[in-house]
Amino acid sequence: MEDIMKTEQTPEGRAMDSRELMRMNRNAIAVLNLPRMLALILKKCCPERFAGSLATIEDRMRRELRSEKTGTDEHSRNHLRSDLANSENENARTGLMRFDSIVLIVTEVAPNAFLVNVEVQNELRSYLWFAGRVYAYIGRLLDSQKGDRSGYSGDQYQCLKPVLALWILPHEDETYIVDFPGQTFLNAGRHTRSGKAMKQALDGYIQFHVVGLGPDWMDHEEEAIQCLGHIFRCDDDKEKQFAYLEEEGIPMTVKAEKVLNEYSEDQFKWFHRSEKEKYDRMKAEMHAKLSDRDAKLKDMEYEMERIRKENEMLKALAEKAGQNSNLSVAENKDEFPEEYGKKQK
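At position 257 of the sequence shown the residue is numbered 256 (numbering that gives the first Met the number 0), and the sequence of numbers has no breaks.
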């Protein structure tokens, strides 16, 4: 699996990058915290779960479910959002986890409800690192529901809420969508009632989507890509961005414009810094390749000179022995024995 390489930086440079990244993450959170904007993102990226008008989707969003009589003291139960959505939150069991731009909501959809996580990943260290992060975080989303107001208590596992996660990567080199629908496979007993019931219960409990946005995002017709591209990768054409969002039902209020502009400005700075890093890395790699090529050419020149000297030495020895290596067979015909000519006739 290919790692994303980065140039080594000074501590001052890393600290500056960290501050810029934190600011961009905060502004991405502000974008996601616009309820109507989040409703549009969910509708375009998860249409199988979020149908209907943006107002309907927005109305179903909850920070937590309504309290239910579960036999547990409500005052001692956790709030899922406060436990997971902090940028730096330490859990006694799972340790410290640092999140990027994240929004957690619980949506009520008959006959159940499920937990939704939307995160903008502004920095990607490697694909393997990101994959581990996805699964570790999904595990935390499930684990943290125990004793939570919106989760379950004791062994009431039937109250565990399904998890739907969306990761948005705005700074990829290419555009793609990776879907994990969370579908099981009934390997044996495909026609049994109990097997079908078990499969139905397991299916869709964990779903996630990963959307990478590259410079070519405008070439893709998928609604999810068009939506996220206009929101998170349209810093050079604000009129086009606002026109798309208004057409999709997002009112361009003063607050909405301010939030989008602040994220775009930070993204512009970060993007050009990243491009400079890529250029410097490519320049260093090219210099290393040229140096390696020059070294190999010198080795070849040395070997050719050695062979030339060896040939001259052999030629000198041959001439000394009366053999002229430059004469053809025709020029040396008088040197062959007489019997050789008779056999040829």
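Cβ coordinates follow ideal geometry from the N, Cα and C atoms, glycine included. The structure presented is a predicted model; accordingly, all values stated were derived computationally and were not measured.
In the structure shown, ALA164 falls within a strand segment according to DSSP collapsed to helix, strand and coil. Under the DSSP assignment, TYR134 falls in the alpha helix (DSSP H) whose first and last residues are 126-142. Excluding residues up to 5 positions away in sequence, LEU212, PHE231 and ARG232 lie with their Cβ nearer than 6 Å to the Cβ of PRO169 in the same chain. A distance below 8 Å separates the beta carbons of GLY203 and PRO161. Taken in chain order, the whole alpha helix (DSSP H) runs of length 4 or more contained in the segment 167-230 are 192-201.
If you check the CB distance, ILE249 and MET36 come in under 8 Å. For GLU246, the enclosing alpha helix (DSSP H) stretches over residues 237-246. Rounded to the nearest angstrom, the Cβ distance from ALA38 to ILE56 is 4 Å, consistent with a contact under 8 Å. For THR55, the enclosing alpha helix (DSSP H) starts and ends at 53-58. Pairwise C-beta distances place the segment 163-178 in contact with the segment 209-223, as three or more of them are shorter than 8 Å. Ranking ALA50, ASN121 and GLU222 by CA distance to the CA of ARG18 puts ASN121 first. CA-to-CA, the gap between ARG292 and MET299 works out to about 10 Å. The closest CA to that of GLU238, considering only LEU227, ALA223, LEU259 and LYS254, is found on LEU259. By the criterion of a C-beta distance shorter than 7 Å, ARG25 is surrounded by no residue of its chain, once the five residues flanking it on both sides are discounted.
Residue pairing by DSSP places LYS43 opposite no residue, since no beta bridge is assigned to it.
By the neighbour-count criterion, in which a residue is buried when 16 or more other Cβ atoms sit within 10 angstroms of its Cβ, TRP128 is exposed.
In terms of Cα proximity to PHE113, the closest of ALA164, ALA283, ARG139 and VAL177 is ALA164.
Taking the Cα of HIS229 as reference, the smallest distance to any Cα among GLU220, GLU221 and TYR243 is reached at TYR243. Rounded to the nearest whole angstrom, the CA to CA distance from ALA196 to PHE179 is 21 Å.
Note that the C-beta distance between LEU140 and ASN116 is below 8 Å.
The Cβ neighbour count for GLY150, taken over all protein chains shown within 10 Å, is at least 16; the residue is labelled buried. Residue environment for LEU316: exposed (fewer than 16 other C-beta atoms within 10 angstroms of its C-beta). At a Cβ-Cβ threshold of 8 Å, PHE184 and ILE137 do not count as neighbours. Counting other Cβ atoms within 10 Å of its Cβ, GLU118 reaches 16 or more and is therefore classed as buried. In this structure, DSSP gives PHE49 a state outside helix and strand, which the three-state scheme calls coil. Non-local beta-carbon contacts of MET251 in its own chain, meaning distances under 6 Å to residues more than five positions away in sequence, involve PHE241 and GLU245 in chain order.
Rounded to the nearest whole angstrom, the C-alpha separation of PRO46 and ALA187 is 31 Å. For the pair ARG22 and ASP235, the CB atoms are not nearer than the 8 Å cut-off.
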